[in-house]
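In the working numbering, the protein residues as written are 3 to 383.
#1: When the Cα atoms are used, what is the spatial distance from residue 382 to residue 276?
#2: I'd like to confirm the pairing. Which residues does DSSP put opposite residue 187 in its beta bridges?
#3: Per DSSP, what kind of secondary structure is residue 368 in: helix, strand or coil?
#4: Quick check on residue 236: buried or exposed, where buried means 16 or more other Cβ atoms within 10 Å of its Cβ?
#5: Can you list, in chain order, the residues of its chain with a C-beta nearer than 6 Å to that of residue 120? Leave out the 5 residues immediately preceding and following it.
#6: Put residue 82 into one of helix, strand or coil per three-state DSSP.
#7: If contacts are defined as beta-carbon pairs under 8 Å, then residue 268 and residue 355 qualify, I think. What distance do you get, rounded to the angstrom?
#8: Got a sec, what are the start and stop residues for the beta strand (DSSP E) residue 261 sits in?
#9: Near residue 301, what residues of its chain come up, given a Cβ to Cβ distance below 6 Å and the 5 sequence neighbours on each side ignored?
#10: Could you compute how far the alpha carbon of residue 238 sits from the alpha carbon of residue 46?
#11: Within a Cβ cutoff of 6 Å, which residues of the same chain sit near residue 90, ignoring the five residues on either side of it in sequence?
#12: To the nearest angstrom, how far is the alpha carbon of residue 260 from that of residue 35?
#13: Could you tell me the alpha carbon to alpha carbon distance between residue 266 and residue 249, rounded to whole angstroms?
#14: Compare the Cα-Cα distances from residue 86 to each of 159, 122, 204, 31 and report the closest residue.
#15: Roughly how many angstroms lie between the CA atoms of residue 19 and residue 187, to the nearest whole one?
#16: Could you tell me the distance, in whole angstroms, from the CA atom of residue 125 to the CA atom of residue 234?
#17: Is residue 311 near residue 360, with beta carbons less than 8 Å apart?
#18: For residue 166, count neighbouring Cβ atoms within 10 angstroms of its own Cβ and tell me buried if that reaches 16, exposed if not.
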C-alpha cells in the first residue's frame, strides 16, 4: 500500500537561508491534510498557517519540557504575524495523560474565551499530541487541530493518522477518538536537541515501516545507517518522509483501524506487554524493537520469513543501537499472560503481525503458546 506522494520539495525563506520542505498528503476526502517536513519550519510556520488555515486565533498546548525552548518562541513568532495566541502547558510525562489534565486544560480554554474557530496547536511529543488531539476533538464538539511534533517518534508515527487518547488507571489510551489534524509540521531541525535515547525511540518505528511494506526503504536504512544515527539532514528528511508516506497510505485505506491498519502494530503486540511487565521503565521504541525480533523469530520458525531477513533485521537494529534481546528479569509466562489482555485481542486471543519477509506482512491469531514461549526464550538477554 503506497501513496502518490513523491519526495518533492518546495522552499521557504528565512532571512538569507533557504529551507527545503517536503510534503506528504494524507488523502481522506473532506479530511485530507498535508504533512510538511523539513528544517526551519517553526520559523516560517506563522506565515504558512495564515495562508493554509487562517484561524482568527491560536492556542498552543505543550508540556513543561517544550514550553521554554520552543513554546515561547512560537508564541512570539505568531504574535509578530498579527495572530492572537495563548499558550497552555502541563507537567511533562505520561502521568499527566489523564482526564484530570484534560478537564483542567479545557477549563482554561473556556476562561481564555476559546471558541469553535480557535485552532489548537499541539507542540510536543507523543503525549502532547495525544492530549491536545483528544481535547481538540471534544472541546465544543471539535475545533481545528494542528500537530507540531517535536520528537522523531511523534513525527513518524503518533502525529499522523488521527488517533488521540488519554490513560485510565486500568490501562493506557483506553479513552480516545479518531480526529484528523488540518495540518502537520515536522521540523527535523528540532531533533538535534533531543537525547540520543529519544532518537532511538523513533528509529524503531522507522524500521517497522520498512519491515511492513517496503524492502526498498529497508535497504535504504541499511545503506544509510551512519547518516541516520548522526541525523544528517537530507537523510533525516527522507526517513521522516518515507515513514509518513507509508503510514498515510495505510490510514487513507483504513482510517478507523479495521484490518489493514493493524499492520502498523508490527512488533507492538509483544512490545506493549514488555512495557507493561517492566512497569513502563523500558521506552516504547526499545520495547517495539524487542517485539519485532520476537515476532520475526516466530515467522522464521513457521517457515514464513527467510532466515536471512531475520538476520538483516537484527543487524540493522543493532547498528541503530536498538535492543533485540528481552531483559532476563521479564518472565515469558508474565508476558504471555499480558498478551491475553491486549486491547486488540479478540476473545482472549492476541493477533500477531507476522513477517513473510522484509516488506511483507501476515495478520494471524495462529500462534501457539509454545511457539511464542520459544521465540521469547530465543530472544532473552
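Cβ atoms here follow ideal geometry from the backbone N, Cα and C, with glycine treated the same way.
Inspection of the coordinates gives the following:
#1: Position 380 of the chain shown holds residue 382. Position 274 of the chain shown holds residue 276. In a straight line, the C-alpha of residue 382 is about 12 Å away from that of residue 276.
#2: Taking the first residue of the chain shown as position 1, residue 187 is located at position 185. Beta-bridge pairing links residue 187 to 38.
#3: For the purposes of this step, residue 368 is identified with residue 366 of the chain shown, where counting begins at 1. Three-state DSSP puts residue 368 in coil, outside helix and strand.
#4: Counting from one through the chain shown, the residue named residue 236 turns up at place 234. With fewer than 16 other CB atoms across the displayed protein chains lying within 10 angstroms of its CB, residue 236 is exposed.
#5: For the purposes of this step, residue 120 is identified with residue 118 of the chain shown, where counting begins at 1. Answer for residue 120: 59, 61, 145, listed in chain order.
#6: Against the chain shown, residue 82 aligns to sequence position 80. The three-state secondary structure of residue 82, taken from DSSP, is helix.
#7: The sequence position of residue 268 within the chain shown is 266, counting from 1. The sequence position of residue 355 within the chain shown is 353, counting from 1. Right, the Cβ-Cβ distance comes to about 4 Å (below 8 Å), so this counts as a contact.
#8: For the purposes of this step, residue 261 is taken as residue 259 along the chain shown, with counting starting at 1. Looking at the DSSP string, residue 261 is not in any beta strand (DSSP E), and its letter there is neither H nor E.
#9: Taking the first residue of the chain shown as 1, we reach residue 301 at position 299. The beta carbon of residue 301 lies closer than 6 Å to those of 307, 356, 357 in the same chain, with the five residues before and after it left out.
#10: Position 236 of the chain shown, counted from the first residue, corresponds to residue 238. Position 44 of the chain shown, counted from the first residue, corresponds to residue 46. Here the alpha carbons of residue 46 and residue 238 stand approximately 19 Å from one another.
#11: For the purposes of this step, residue 90 is taken as the residue at position 88 of the chain shown. Within its own chain, the residues whose Cβ lies closer than 6 Å to the Cβ of residue 90, once the five positions on either side in sequence are excluded, are 63, 107, 110, listed in chain order.
#12: For this step, residue 260 is matched to residue 258 along the chain shown. For this step, residue 35 is matched to residue 33 along the chain shown. Whole-angstrom Cα-Cα distance: 21 Å.
#13: The sequence position of residue 266 within the chain shown is 264, counting from 1. The sequence position of residue 249 within the chain shown is 247, counting from 1. Residue 249 has its alpha-carbon roughly 8 Å from the corresponding atom of residue 266.
#14: Working through the chain shown from its first residue, we reach residue 86 at position 84. Selected option, being the one with the closest Cα: 122.
#15: Stepping through the chain shown from its first residue, residue 19 is reached at position 17. Stepping through the chain shown from its first residue, residue 187 is reached at position 185. Any answer about residue 19 is weak, because its pLDDT of 40 lies below 50 and its placement is not dependable; what the coordinates show is given next. Computed Cα separation, rounded: 19 Å.
#16: Against the chain shown, residue 125 aligns to sequence position 123. Against the chain shown, residue 234 aligns to sequence position 232. Spanning the two alpha carbons is a distance of roughly 23 Å.
#17: As a working note, residue 311 is residue 309 in the chain shown. As a working note, residue 360 is residue 358 in the chain shown. Closer than 8 Å, so yes.
#18: Reading the chain shown from its first residue, position 164 is the one you call residue 166. Buried, since its Cβ has 16 or more Cβ neighbours within 10 Å.
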